[in-house]
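Visitor: To convert, count from 1 in the sequence shown and add 45; that's the numbering used here. Note that the Cβ used here is the ideal one computed from N, Cα and C, for glycine as well.
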Amino acid sequence: MEKIALKFVTGLSPNATAWEKKIFKRYGKLANVCRQINYDIKQGATNDQVLLFLQKIRNDSSFSVLRADSGTLNRLEELENEFLPDKKTYHWY
């Protein structure tokens with residue numbers, strides 16, 4: 046799960062080969078990444094572990110080089126929004 050999320054957040058390198066671009070285009074989209082992470086959740090990981098790892102990417106100093114890229118934070122936010130619990134408002138009358 047961590048490897049998949051990290052690969053999505055990192056994105057493609059500027060000097061990626063044609064093969065890397067083709068594979069990223071096919072498998073690197075948000076829907077495919079979410080499908081792979083959901084599979085890991087079915088196999089025993091929890092949604093909290095996913096969110097904790099995404100927060101670690103956002104806040105930990107070991108990922109500071111990764112956060113320097115402008116598109117990284119956008120992709121990280123997209124991924125967080127997919128796994129955040131829905132906020133439902135209930136009105137009791």
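Just the C-alpha distance for Ala90 and Asn60, rounded to the nearest angstrom, thanks.
Guide: When rounded, the distance between both Cα atoms is 34 Å.
Visitor: Rounded to whole angstroms, how far is the Cβ of Glu123 from the Cβ of Leu99, which I believe are closer than 8 Å?
Guide: The pair is not a contact, with the Cβ atoms about 11 Å apart (cut-off 8 Å).
Visitor: How far does the alpha helix (DSSP H) with Leu129 in it extend, from its first residue to its last?
Guide: Leu129 -> no alpha helix (DSSP H), and no H or E assigned at all.
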